[in-house]
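Presented below is the structure to which this report refers.
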Amino acid sequence: MLYDIEILDIELRKTEAGTRLLQVFNAHVDEVFFLVGHHRQVTVAWQRNHGPAFISSFLETNITPDTLLKKEINGVTVYALIRRMAAALQEAGSPALRKAIGDHIATVLEWTEACNSMNDVLQRLKDMSALPYETSLS
Amino acid sequence: MIAMLPDVTRELQRNYPNVRNVEIGLKRRGRDLTDILAFRVIVEEKVNDNDLLPEQLIPKEIKGIPTDVLVKYSGFATDDTSGYDLLTGGIQITIGEGMGTLGCFVTRDAEPAGNKKIYLLSNHHVIVAASGVVGTRVGQPSAPSGSRCCLCYDIADVFCGERGTPGGTASTLGTVLTPAGSSNTIDAAIAKLLGQDATDPKTVYFSNSIEDIGPVFGSAPAILPGDRVRKRGRTTGLTFGKIESIAGINFAEHDKKDPSIVINYNGSPILVDPLSENQLMSNEGDSGSVILNSRNQVVALLFAGVGTVSNGVVNGNGQAVAFPINLVTTRLGISILSSGTASSIPLSGISEAQIKPIRAGNYIREFEKQMRSIPEGEAFMQILLDHRNEVMDLINDNREVKVAWHRFNGPEYIGHVLKNTTDPKHPIPTDINGYSFQNLLIKMGDVLERNGSRKLAKAVEDYSPFAFRFANEYNGIDSLRTALKKFPLCPQCGKPIHKNVHA
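If you're matching them up, the sequences are chains D and B in order.
If you're matching positions, the first sequence starts at 134 in my numbering and goes up one per residue.
If you're matching positions, the second sequence starts at 1182 in my numbering and goes up one per residue.
Structure representation (structure tokens):
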């Protein structure tokens, strides 16, 4: 699994928008992992909405060719997962995390709608110079 | 003169078959009123003196008092079509069946001092109309929704009322002092302002004044022909008049939709003639407004206009017909609120700054107007209206939703959005206290989905992507219109495109 994420990391750094995405990701990943692991509300939202299964499905699209991202698992859509996690994280997280969520949720939902694999996401990143909708780079 | 009136009427009706009734009022010369008090003899048809035999001529004076022969006039009930804002007298109200005017504010005499509630006074045919009952909700300016949220139009619940019937016996509603079987006398009703009970979450603010006129100083003890008066109604606004006649008027109110339905008010109404400042004293929609004297005391409750019926069509002549306020207060058991005297209530129920929730109505209507000016906006408004009541009820009554709404600064954002609608230069802040508009939408989507109905949850699922994207691009009403145009309408339901396909 780590290998897959490293590949993704390298691919992302090849584009300007990807680099910025990694910046945002790295700035908040520790806090998000901490909250998912230790904050009851966030943990419940993550588990109840099949977060681990959706992440596996997303990474799987890069390992097995022609595999598509699952948009629904056990009646929970990936959009619902994103919305509910965003709500839980912004409630429990720091002001910086809250701002990042506000800035990027529209993009994440838009990409979730349009993309069916990790490659689709990378392709999108290559086509744009910056992440949309950011109110500032801080 | 009033004591003489019944005998004079009987005498004239016996001797002159053409006489319908006799009033006490001012003598007319053509269209102008004189200052001469007279017995006004109302006839079916006016005939030239030369065409009548001497014994058919009505005497020029009776018992030393001059007479004036006038042709019978008919009336029509008035209703309303447009909108007003501040909760004072003279503004538009409705229960969803036509429109009318809020007269003024009153208290009930039966309630103990210190625990008196505030009621609004208007006409029975305005706030009860055909289908109203005790508890029917009154809206201002538009139809009530049944909700108690701060943005809905609901302001009061009907408490009691009385109106004449075609059969001649007054019809009453709720607790009134009118004896059973009374003849038609008044057309009036009161409604209790919302928010006066401990369990009622809504606060309705009022000012004991009449728009364009000023504070109300109770009711006048008497009214006399020739008194200069004024009223403020939602259609003709502020108009001035002169009391033309105060006693003995037999007024036939023709139903506006079906003039063949007639309600007779014999003896109780007064007649008000417009002064030169305005052509009409009242018109459709002014029903329910109160008529005040120069001391801002209420003297009468307006309920109809005067006109002629021709081929089933009523044509107003500008005069107004009203009930003396003492008749209304006596029958309903109420007192007009008085301001500005020791121990009376303050002039205004609240400070100017607190009136904002009511004033938001202007912004909301402007927002609606602008949205409805584009096809996509029409669909967008419909989505909002589909769920408005449920969302507002959740915000009012559900703790989780209420806390989320206030913690993420919902009222502030709504305020900025609405203000921007009327003033495009008004900036929309990127964040308030560290919470962005997107944060608000994310949180509200989450709590509404969890606490609302399945229909609301589906709407959250369907329109969240649109809402988040809109929030990112939003910097004013124009950007919302632009954003809406980017979202094609669903060919099946006509709403902005959504993820869930139709079954």
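The beta carbon of each residue, even a glycine, is placed where N, CA and C say it ideally should be.
Who are the neighbours of Ile1613(B) on chain D, taking C-beta pairs under 9 Å? The residue labelled residue 1613(B) in the question sits at position 432 within the second sequence. By Cβ distance, chain D contributes nothing, its closest Cβ being about 12 Å from Ile1613(B), past 9 Å.
With three or more beta-carbon pairs closer than 8 Å as the criterion, would you say the segment 1597-1611 of chain B touches the segment 1355-1374 of chain B? no
For His1306(B), list the residues DSSP reports as bridge partners. Along the second sequence, read from residue 1 onward, the residue named residue 1306(B) stands at position 125. The partner list for His1306(B) (beta bridge, DSSP) is empty, contrary to what the question assumes.
Going along the chain, which residues of its own chain have a beta-carbon closer than 7 Å to the beta-carbon of Pro1187(B), five neighbours each way excluded? Here the question's residue 1187(B) lines up with position 6 in the second sequence. So the list is empty, once near-sequence residues are dropped.
Would Pro1505(B) pass as a contact of Ile1444(B) if the rule is Cβ separation under 9 Å? Within the second sequence, the letter at position 324 stands for residue 1505(B). Within the second sequence, the letter at position 263 stands for residue 1444(B). Result no, Cβ atoms of Pro1505(B) and Ile1444(B) do not sit closer than 9 Å.
Candidates Ile1367(B), Ile1472(B) and Thr1366(B), of which the one nearest Gly1418(B) by Cα: Position 237 of the second sequence, counted from the start, is the residue given in the question as residue 1418(B). Nearest C-alpha to Gly1418(B): Ile1472(B).
Same chain, Cβ closer than 6 Å to Lys203(D), neighbours up to 5 away in sequence not counted: Position 70 of the first sequence, counted from the start, is the residue given in the question as residue 203(D). Once the five neighbours on either side are set aside, the close Cβ partners of Lys203(D) are Ser190.
Expressed to the nearest angstrom, what Euclidean distance is found between the alpha-carbon atoms of Leu1629(B) and Glu164(D)? Mapped onto the second sequence, residue 1629(B) falls at position 448. Mapped onto the first sequence, residue 164(D) falls at position 31. Using only the alpha carbons, I get a separation of about 26 Å.
Output needed for Lys1373(B): all residues of its chain with C-beta closer than 7 Å, excluding positions within five of it in sequence on either side, in chain order. On the second sequence, position 192 is the one that residue 1373(B) refers to. Excluding residues within five positions, the ones whose Cβ falls inside 7 Å are Lys1298, Tyr1300, Ala1337, Asp1338 and Phe1340.
If you drop the 5 nearest sequence neighbours on each side, which residues of the same chain put their C-beta closer than 8 Å to that of Ile1515(B)? Within the second sequence, numbered from 1, the residue matching residue 1515(B) stands at position 334. Excluding sequence neighbours, Ile1515(B) sits near Val1287, Thr1288, Arg1289, Asp1290, Tyr1300, Leu1302, Ile1371 and Val1509.
For Thr1350(B), collect the residues of the same chain with a Cβ closer than 8 Å to its Cβ; drop the 5 residues on either side in sequence, then sort them by chain order. Here residue 1350(B) refers to the residue found at position 169 of the second sequence. Same-chain partners within the cutoff: Gly1362, Ser1363, Ser1364 and Asn1365.
Classify His1587(B): buried if its beta carbon has 16 or more other beta carbons within 10 angstroms, exposed otherwise. Locating residue 1587(B) in the second sequence gives position 406, where the first residue counts as 1. Result: exposed.
Inter-residue spacing [alpha-carbon to alpha-carbon] between Arg1201(B) and Val1189(B): Residue mapping note: residue 1201(B) aligns to position 20 of the second sequence, counting from 1. Residue mapping note: residue 1189(B) aligns to position 8 of the second sequence, counting from 1. If you take the alpha carbons of Arg1201(B) and Val1189(B), they lie about 12 Å apart.
Decide yes or no for the touch test of the segment 173-187 of chain D against the segment 210-221 of chain D: beta carbon pairs closer than 8 Å, at least 3 of them. yes
Buried or exposed (CB count within 10 angstroms, at least 16 for buried), Glu1425(B): If you number the second sequence from 1, residue 1425(B) lands on position 244. Result: buried.
So which residues on chain B does Lys232(D) lean against when the C-beta distance must stay under 7 Å? Indexing the first sequence from 1 puts residue 232(D) at position 99. Under the 7 Å cutoff, chain B gives Ser1617.
Please confirm whether Leu1283(B) and Gly1295(B) have their CB atoms less than 9 Å apart. As a first step, residue 1283(B) must be located in the second sequence, where it is residue number 102. As a first step, residue 1295(B) must be located in the second sequence, where it is residue number 114. No.
Entirely enclosed alpha helix (DSSP H) segments - the segment 1558-1619 of chain B, minimum 4 residues: 1580-1588 and 1591-1603
Check for me: the beta strand (DSSP E) holding Arg1344(B) runs from which residue to which? As a first step, residue 1344(B) is located in the second sequence; it is residue number 163 there, counting from the start. Here the beta strand (DSSP E) through Arg1344(B) covers Asp1335 to Arg1344.
What are the complete beta strand (DSSP E) segments, minimum 3 residues, inside the segment 1357-1408 of chain B? 1369-1374
7 Å Cβ cut-off: residues of chain D touching Arg1546(B): The residue you call residue 1546(B) lines up with position 365 of the second sequence. Simply none; closest approach about 29 Å.
Distance, Val1319(B) Cα to Glu1465(B) Cα: Indexing the second sequence from 1 puts residue 1465(B) at position 284. Indexing the second sequence from 1 puts residue 1319(B) at position 138. Near 19 Å, if we compare the C-alpha coordinates of Val1319(B) and Glu1465(B).
Close beta carbons around Gln223(D), own chain, < 8 Å, minus the five adjacent residues each side: Sequence index remark: in the first sequence, residue 223(D) carries index 90 (1-based). The answer, listed in chain order, is Leu230, Arg231, Ile234 and Gly235.
When burial is assigned at 16 or more other CB atoms within 10 Å of the CB, is Lys147(D) buried or exposed? As a working note, residue 147(D) is residue 14 in the first sequence. By the neighbour-count rule (16 or more Cβ atoms within 10 Å), Lys147(D) is not buried but exposed.
Residues in its own chain within less than 7 Å of Thr1262(B) by CB, not counting five upstream and five downstream? One-based indexing of the second sequence puts residue 1262(B) at position 81. Residue placement at Thr1262(B) cannot be trusted, given a pLDDT of 43 that sits under 50; what the coordinates show is reported in the next sentence. Closer than 7 Å at the Cβ level, and outside the excluded window around Thr1262(B), lie Met1280 and Gly1466.
Use the C-beta contact count for Ile143(D): other C-beta atoms within 10 angstroms, 16 or more gives buried, fewer gives exposed. Taking the first sequence and counting its residues from 1, the one referred to as residue 143(D) is at position 10. It is exposed - the Cβ of Ile143(D) has fewer than 16 other Cβ atoms within 10 Å.
State the start and end residues of the unbroken alpha helix (DSSP H) segment that holds Glu243(D). Translated into positions along the first sequence, residue 243(D) becomes position 110. Looking at the DSSP string, the run of the alpha helix (DSSP H) that includes Glu243(D) is Pro228 to Ala247.
Can you confirm whether the segment 1400-1415 of chain B touches the segment 1433-1442 of chain B when touching is taken to mean that 3 or more C-beta pairs between the two stretches lie within less than 8 Å? no
Using a beta-carbon distance below 9 Å, is Pro185(D) in contact with chain B? Locating residue 185(D) in the first sequence gives position 52, counting from the first residue. Closer than 9 Å: no.
Pair every Cβ in the segment 1588-1599 of chain B with every Cβ in the segment 1633-1645 of chain B, then say whether three or more of these pairs are closer than 8 Å. no
Along the chain, where does the beta strand (DSSP E) containing Val1453(B) start, and where does it finish? Numbered from 1 along the second sequence, position 272 holds the residue referred to as residue 1453(B). Ile1451 to Pro1455 is the span of the beta strand (DSSP E), which, as asked, contains Val1453(B).
Are there 16 or more other CB atoms within 10 angstroms of the CB of Gly226(D), so buried, or fewer, so exposed? On the first sequence, residue 226(D) is found 93 positions in, with the first residue counted as 1. By the 10 Å Cβ count, Gly226(D) comes out buried.
Should His171(D) be labelled buried (16 or more other beta-carbon atoms within 10 Å of its own) or exposed? For the purposes of this step, residue 171(D) is taken as the residue at position 38 of the first sequence. By the neighbour-count rule (16 or more Cβ atoms within 10 Å), His171(D) is not buried but exposed.
Euclidean distance between Cα positions of Thr200(D) and Ser250(D): Position 67 of the first sequence, counted from the first residue, corresponds to residue 200(D). Position 117 of the first sequence, counted from the first residue, corresponds to residue 250(D). Computed Cα separation, rounded: 7 Å.
Only counting the same chain, and skipping five residues up and downstream in sequence, which positions put a Cβ closer than 7 Å to that of Thr210(D)? The residue given as residue 210(D) occupies position 77 in the first sequence. For Thr210(D), where only same-chain residues beyond five positions count, the Cβ hits under 7 Å are Lys204.
For Trp244(D) and Asp253(D), the rounded distance between their alpha carbons: The sequence position of residue 253(D) within the first sequence is 120, counting from 1. The sequence position of residue 244(D) within the first sequence is 111, counting from 1. Rounded to whole angstroms, Asp253(D) to Trp244(D) spans 9 Å at the Cα level.
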